[in-house]
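Asks:
Residue numbers (the numbering used here): 35 to 249.
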């Protein structure tokens with residue numbers, strides 16, 4: 035099916051979990067007019083196009099079906115790191131994957147603001163602890179996990195961090211996203227890299243995990 039303006043406009047509204055009445059009120063138009071836009075009965079003007087793009091957090095080109103990139107952040111991410119000789123290809127891919135994930139998560143109004151920042155902060159905090167303990171980062175970066183020069187990197191502490199992180203995100207789950215949507219190449223690379231590493235380094239004392247375990 036061709037993804038033109040009416041289809042995209044309707045999909046973005048449904049992603050936000052809004053009825054036509056709710057979306058129309060927030061966009062400053064009548065429900066009937068929004069219905070006409072979503073059905074392709076009427077064409078919108080420039081002012082509505084810009085207002086809708088701002089409201090849904092996408093570019094006008096995405097709304098019009100002229101670009102597959104939802105916003106300028108992703109468009110910038112596609113090229114920003116390509117010319118950096120000091121960033122290896124793997125790191126460049128992971129940076130892009132992180133930007134795409136943040137953008138996707140931010141589209142869910144129930145997972146935004148401080149809650150999202152806390153989840154990301156916890157993930158980076160774990161990296162700081164591991165790297166500070168390995169001597170790749172200053173030990174004083176570890177904050178209160180640094181006691182007399184000893185970094186707390188015990189499995190018990192990391193398990194507690196994971197539990198806290200899960201509690202932060204679990205209550206915000208909303209409708210299931212479209213599982214048939216194409217997976218960005220950078221996300222595929224990130225997942226394959228992590229899974230390959232895990233499979234190769236699982237202890238011999240642990241029974242082999244079936245591939246389904248990681249799906």
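Ideal Cβ placement from N, Cα and C applies to all residues, glycine included.
This one's a predicted model, so the numbers in the text were calculated from it and none came from an experiment.
When the Cα atoms are used, what is the spatial distance from residue 224 to residue 133?
Replies: Approximately 12 angstroms between the Cα atoms of the pair.
Asks: What does a CB cutoff of less than 8 angstroms around residue 171 pick up in its chain, not counting 5 residues either side in sequence?
Replies: Closer than 8 angstroms at the Cβ level, and outside the excluded window around residue 171, lie 162 and 165.
Asks: Please report the distance separating the alpha-carbon of residue 104 from that of residue 181.
Replies: When rounded, the distance between both Cα atoms is 45 angstroms.
Asks: Output needed for residue 185: all residues of its chain with C-beta closer than 7 angstroms, excluding positions within five of it in sequence on either side, in chain order.
Replies: Same-chain partners within the cutoff: 163, 166, 167, 173, 176 and 179.
Asks: Give me the Cβ distance between residue 85 and residue 62, rounded to the nearest whole Å; I'm assuming they're in contact under 8 angstroms.
Replies: With 8 angstroms as the limit, residue 85 and residue 62 qualify as a contact, their Cβ atoms being about 7 angstroms apart.
Asks: Just grab the DSSP bridge partners of residue 185 for me.
Replies: DSSP lists 180 as partners of residue 185.
Asks: Between the Cα of residue 131 and the Cα atoms of 228, 190, 96 and 236, which residue gives the shortest distance?
Replies: The shortest C-alpha separation from residue 131 is found at 228.
Asks: Is residue 127 helix, strand or coil by DSSP?
Replies: Helix at residue 127.
Asks: I'd like the list of long-range same chain contacts for residue 90, defined as Cβ closer than 6 angstroms, with 5 residues on each side in sequence excluded.
Replies: If we look at residue 90 and ignore the five residues flanking it on each side, its Cβ neighbours are 46.
Asks: Contact defined as beta carbons within less than 8 angstroms: I believe residue 54 pairs with residue 68. What is the distance between those atoms, to the nearest angstrom?
Replies: About 5 angstroms; that satisfies the 8 angstroms criterion.
Asks: To the nearest angstrom, how far is it from the Cα of residue 248 to the Cα of residue 70?
Replies: In this prediction, residue 248 has a pLDDT of 46, which is less than 50 and means its spatial position is unreliable; nothing more can be read from the coordinates.
Asks: From which residue to which residue does the alpha helix (DSSP H) around residue 85 run?
Replies: 80 to 90 is the span of the alpha helix (DSSP H), which, as asked, contains residue 85.
Asks: Taking the alpha helix (DSSP H) that residue 250 falls in, what are its first and last residues?
Replies: In the structure as shown, the chain begins at 35 and stops at 249. Residue 250 is therefore absent and cannot be evaluated.
Asks: Taking the beta carbon of residue 231 as the centre, do at least 16 other beta carbons fall within 10 Å, making it buried, or is it exposed?
Replies: That one is exposed.
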